[in-house]
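Student:
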Amino acid sequence: MSGVIVSPTTPVQADAMPVSKLALDAKTGHVYQEENASTVRPIASISKLFTVYFALQKIHQGKLKLTDTVTAPANIASLSQDSRLANVPLQAGKKYSVRDLLYTSLIHSANSSVLLLAQKMFGSQEKAVKQINHQAHVWHLKHYQLVNVTGLNNDLIGDLRVPGTPEDAENKMSAKDVATVARKTLSYYGDQLLSIASEPRVNFDLSGSFPTENRMLPTQPDHFNDTPVDGLKTGSSEGAGNCFVGTAKKHHHRVITVVLGADYANKDQVFQITHQLFTSSFQKITQ
13 MSGVIVSPTT
23 PVQADAMPVS
33 KLALDAKTGH
43 VYQEENASTV
53 RPIASISKLF
63 TVYFALQKIH
73 QGKLKLTDTV
83 TAPANIASLS
93 QDSRLANVPL
103 QAGKKYSVRD
113 LLYTSLIHSA
123 NSSVLLLAQK
133 MFGSQEKAVK
143 QINHQAHVWH
153 LKHYQLVNVT
163 GLNNDLIGDL
173 RVPGTPEDAE
183 NKMSAKDVAT
193 VARKTLSYYG
203 DQLLSIASEP
213 RVNFDLSGSF
223 PTENRMLPTQ
233 PDHFNDTPVD
243 GLKTGSSEGA
253 GNCFVGTAKK
263 HHHRVITVVL
273 GADYANKDQV
283 FQITHQLFTS
293 SFQKITQ
């Protein structure tokens, strides 16, 4: 792998490290606030932004259509039934559209969807992870470990683990590098990205409607009226804690925030910290 850090043999609990925080201007990159933003730590499902980026890129290039389909293999369909994980149910041998997989990956953080979407684009999980690592290098990310497309610990994905990656490895980055991924994706495909990320629910196949994981969107439990959040991606695990890369536009400025390692037992805390970052940033913009 091209990442430059090594996963410890014993997972580090999120509460063993102080929370990482970062707020910056999406256009200029000007940093409004940062704390522990260079600390490399698990990022959980924020990892899915890479696959979302590639899907939007291929759609823009005409190499992929939202109406294209891919057949779910048995191993991904089986993982989709794991009740411990964020998922939508897939059936082995059934075809699913790129649109459904893209939307459920970003809105509901469905692990089965992002695995199948990556399979469609790259042919294998190994090739997908190789491409993600290459993109991290192209974007000059500083310190990262990227071992799968989901952000799950490798021990949860069974035979979908990329050969040669440790059984207990998980994706890790710093808040600064997460912000770079978000900023790059927004700069290239912002309209398409936000039109999906701002949706409160997503309908999938015949399985019904699945809610967003972004609790800061309008109508959601952690929405703040003074903060017009319209994206972007959550992540959550015992090792990562609660994580969120958010974005909002106000006073003609779009701000990106990153919070990594918030309290895993408190779903609200990561969004409360994010609100503080937005409030401070927009105050500085208007001064």
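In the numbering used here, the protein residues as written are 13 to 299.
Heads up, the beta-carbon is just placed ideally off N, CA and C, and yes, glycines get one too.
With DSSP as the reference, label Y156 as helix, strand or coil.
Tutor: Taking the first residue of the sequence shown as 1, we reach residue 156 at position 144. Strand at Y156.
Student: Please state the DSSP three-state secondary structure of N215.
Tutor: The residue given as residue 215 occupies position 203 in the sequence shown. Correct three-state label for N215: strand.
Student: At 4 residues or longer, what runs of the alpha helix (DSSP H) sit wholly inside the segment 188-265?
Tutor: If we require 4 residues or more, the segment 188-265 turns out to have no alpha helix (DSSP H) run fully inside it.
Student: I need the straight-line Cα distance from V110 to Q299, nearest angstrom please.
Tutor: As a first step, residue 110 is located in the sequence shown; it is residue number 98 there, counting from the start. As a first step, residue 299 is located in the sequence shown; it is residue number 287 there, counting from the start. Distance between the alpha carbons of V110 and Q299 is about 44 Å.
Student: Do you know offhand how far V271's Cα is from F290's?
Tutor: As a working note, residue 271 is residue 259 in the sequence shown. As a working note, residue 290 is residue 278 in the sequence shown. Near 11 Å, if we compare the C-alpha coordinates of F290 and V271.
Student: Identify which residue in Q103, K142, L91, L153 has its Cα closest to the Cα of S124.
Tutor: Sequence index remark: in the sequence shown, residue 124 carries index 112 (1-based). Considering only alpha carbons, the answer is L91.
Student: On the DSSP letters alone, give me the boundaries of the beta strand (DSSP E) that Y44 sits inside.
Tutor: Your numbering for residue 44 matches position 32 in the sequence shown. Counting along the chain, the beta strand (DSSP E) containing Y44 begins and ends at 43-47.
Student: Need the endpoints of the beta strand (DSSP E) that V64 sits in, please.
Tutor: Taking the first residue of the sequence shown as 1, we reach residue 64 at position 52. That residue, V64, is in no beta strand (DSSP E); its alpha helix (DSSP H) goes 60-73.
Student: Would you mind listing the beta strand (DSSP E) stretches within the segment 90-126 that are 3+ residues and don't spill past its ends, in chain order?
Tutor: Within the segment 90-126, the complete beta strand (DSSP E) runs of at least 3 residues are 107-109.
Student: Taking 8 Å as the threshold (beta carbon to beta carbon), is L158 in contact with chain C?
Tutor: Among the protein chains of the structure shown there is no chain C, as only one such chain exists.
Student: Quick one: Cα of D275 to Cα of P30, how far?
Tutor: Position 263 of the sequence shown, counting from 1, holds the residue named residue 275. Position 18 of the sequence shown, counting from 1, holds the residue named residue 30. One C-alpha to the other measures close to 10 Å.
Student: Rounded to the nearest angstrom, what separates I17 and D189 at their Cα positions?
Tutor: Walking along the sequence shown from the start, residue 17 turns up at place 5. Walking along the sequence shown from the start, residue 189 turns up at place 177. Here I17 scores only 37 on pLDDT, less than 50, and its place in the model is too uncertain to base an answer on.
Student: From which residue to which residue does the alpha helix (DSSP H) around A148 run?
Tutor: The residue labelled residue 148 in the question sits at position 136 within the sequence shown. That run of the alpha helix (DSSP H) goes 137-150.
Student: For the beta strand (DSSP E) that contains K33, what are its first and last residues?
Tutor: Locating residue 33 in the sequence shown gives position 21, where the first residue counts as 1. Unbroken beta strand (DSSP E) run through K33: 32-37.
Student: If you run the structure through DSSP and keep just helix, strand and coil, what is L272?
Tutor: Counting from 1 along the sequence shown, the entry for residue 272 is found at position 260. Looking at L272 - three-state DSSP - the assignment turns out to be strand.
Student: Between V126, D37, N226, P223, which has its C-alpha nearest A89's C-alpha?
Tutor: The residue you call residue 89 lines up with position 77 of the sequence shown. Here the closest residue by C-alpha is V126.
Student: At which residues does the beta strand (DSSP E) containing T83 begin and terminate?
Tutor: The residue given as residue 83 occupies position 71 in the sequence shown. 81-83 is the span of the beta strand (DSSP E), which, as asked, contains T83.
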